[in-house]
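Protein chains in written order, with my numbering: chain A, 101 to 303; chain B, 101 to 303.
For reference, the structure is listed below as structure tokens.
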């Protein structure tokens, strides 16, 4: 089964700017992508990266600078089933990918924190994505309108995409991939002196 | 099996002050507690609330104003197995409680966002809790030191405790209980005019 992984190669992860330079944000974005690819590795999924600009990767890359919706919808028209995974799921592991694949439904959806859609399994070619706004809610409504059967997957590891500085706490604590290793190497650690955990950098 | 639900009855949910009055924070805290009790209802768990002050509830309430750690540790000494659930898990449903109970291990732990521990199943009386700081990491280390077998449960619904204004987005989107209903009644809804979803109040 095809797995589409959209990747923003131009100035990624701007909300991490308080902690990381542009080059570092570029690094962490690519390592998160690498971690998503690793999670897929021992599954039947055949990953394809759709990137806004040319990048080197161990799997096929298509460069397409259109917005996310037409890119994904064109892939759905090309043929389902199709899996769509966000490229910044720093906690994703094979177990969650397998759980998505074995969940029945015309549409299998796993929410991201804040109303997003972090993983989709699309088994019906009439479905269309709309990643703007509260996409989780919109995707449920779109599926309902088409009369599709929908399953929701409950996973903290899928729900945690890496956008904000505090998301790095989750990667440091629960991540077992390249991004987590890079953060530790770069001097990031969790401080609890103020009571609530926060991310700090030494060195 | 006993299920301990610690409840802070005095000035709860202070971090929701930008959105809610003291009386409203009191209301939402009690409704979240009610939703946790509802999630337990059709499970073999026998809930006990340990509250910092007297509250009325449909299940036994013990008033104990000591910090959380000695309260829970005393309950562990009284006898295991024991389940400890946070009182502000606004997305918790029976399915997640059943998943906790059927997961093997001397210690079953489900993380909360930000390093917390939102659910514990303690099946070995030598374990002790330490809810300060990065409690998820600390609990893993404590279990390892005692040579206990540990399972980690991956659940977005368990990981989402309600502390910050943006956590209310999750309750509005994914909650199906009393707290979600109250928020809607109170005029809260999700706005996406700025691009990213935010919580707003009308009326």
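For each residue, glycine too, the CB sits at the ideal point set by N, CA and C.
Leaving aside the five residues before and after residue i along the sequence, list all residues of the same chain whose C-beta is less than 6 Å from its C-beta, in chain order.
{"i": "residue 186 of chain A", "result": "218 and 261"}
{"i": "residue 133 of chain B", "result": "107 and 187"}
{"i": "residue 242 of chain B", "result": "none"}
{"i": "residue 252 of chain A", "result": "209"}
Measure the Cβ-Cβ separation of residue i and residue j and say whether it is below 8 Å.
{"i": "residue 220 of chain A", "j": "residue 207 of chain A", "result": "yes"}
{"i": "residue 236 of chain A", "j": "residue 205 of chain A", "result": "no"}
{"i": "residue 143 of chain B", "j": "residue 184 of chain B", "result": "no"}
{"i": "residue 154 of chain B", "j": "residue 163 of chain B", "result": "yes"}
{"i": "residue 249 of chain B", "j": "residue 199 of chain B", "result": "no"}
{"i": "residue 128 of chain B", "j": "residue 234 of chain A", "result": "no"}
{"i": "residue 259 of chain A", "j": "residue 271 of chain A", "result": "no"}
{"i": "residue 103 of chain B", "j": "residue 145 of chain B", "result": "yes"}
Going by Cα to Cα distance, which pick from the options is closest to residue i?
{"i": "residue 159 of chain B", "options": "B:104, B:147, B:294 and B:194", "result": "B:147"}
{"i": "residue 274 of chain B", "options": "A:279, A:238 and A:271", "result": "A:238"}
{"i": "residue 175 of chain B", "options": "B:191, B:149 and B:199", "result": "B:149"}
{"i": "residue 247 of chain B", "options": "B:223, B:264 and B:253", "result": "B:223"}
{"i": "residue 112 of chain B", "options": "B:123, B:253, B:104 and B:272", "result": "B:123"}
{"i": "residue 191 of chain B", "options": "B:266, B:244 and B:135", "result": "B:135"}
{"i": "residue 137 of chain A", "options": "A:161, A:126 and A:121", "result": "A:161"}
{"i": "residue 139 of chain B", "options": "B:285, B:105, B:240 and B:121", "result": "B:105"}
{"i": "residue 141 of chain A", "options": "A:195, A:121 and A:114", "result": "A:195"}
{"i": "residue 121 of chain A", "options": "A:244, A:286 and A:295", "result": "A:286"}
Quick one: is residue i buried, meaning 16 or more other Cβ sit within 10 Å of its Cβ, or exposed?
{"i": "residue 152 of chain A", "result": "buried"}
{"i": "residue 278 of chain B", "result": "buried"}
{"i": "residue 110 of chain A", "result": "exposed"}
{"i": "residue 193 of chain B", "result": "buried"}
{"i": "residue 301 of chain A", "result": "exposed"}
{"i": "residue 214 of chain A", "result": "buried"}
{"i": "residue 303 of chain B", "result": "exposed"}
{"i": "residue 212 of chain B", "result": "buried"}
{"i": "residue 297 of chain B", "result": "buried"}
{"i": "residue 276 of chain B", "result": "exposed"}
{"i": "residue 257 of chain B", "result": "buried"}
Using a Cβ-Cβ cutoff of less than 8 Å, which residues in the same chain neighbour residue i once the five nearest sequence positions on both sides are dropped?
{"i": "residue 268 of chain B", "result": "116, 119, 262, 283, 288 and 299"}
{"i": "residue 225 of chain B", "result": "176, 177, 179 and 180"}
{"i": "residue 165 of chain A", "result": "152 and 153"}
{"i": "residue 203 of chain A", "result": "221, 251 and 253"}
{"i": "residue 201 of chain B", "result": "101, 143, 144, 145, 183 and 221"}
{"i": "residue 114 of chain A", "result": "125"}
Could you name the residues of the same chain whose beta carbon sits closer than 7 Å to that of residue i, not counting the 5 residues immediately before and after it, in chain order?
{"i": "residue 169 of chain B", "result": "229, 230 and 231"}
{"i": "residue 126 of chain A", "result": "112"}
{"i": "residue 171 of chain A", "result": "106, 150 and 164"}
{"i": "residue 173 of chain B", "result": "228 and 229"}
{"i": "residue 265 of chain A", "result": "116, 118, 119 and 299"}
Scan the segment 228-255 of chain A for residues whose Cβ lies nearer than 7 Å to a Cβ of chain B and list them as they occur along the chain.
233, 234, 236, 237, 254 and 255
Which residues, in chain order, does the segment 273-291 of chain A contribute to contact with chain B at a C-beta distance below 8 Å?
273, 274 and 290
Along the segment 188-209 of chain B, what residues have a CB closer than 8 Å to any CB found in chain A?
195 and 196
Any residues in the segment 112-127 of chain A with a beta carbon nearer than 7 Å to a beta carbon of chain B? Which ones, in chain order?
none
Interface residues of the segment 261-272 of chain A facing chain B [CB-CB below 8 Å]:
266, 269 and 270
According to a CB-to-CB cut-off of less than 9 Å, which residues of the segment 165-179 of chain B neighbour chain A?
none
Residues of the segment 214-225 of chain A with a CB closer than 9 Å to any CB of chain B: list them in chain order, please.
214, 215 and 216
Closer than 9 Å between beta carbons: that is the criterion. Which residues of the segment 129-140 of chain B meet it against chain A?
none
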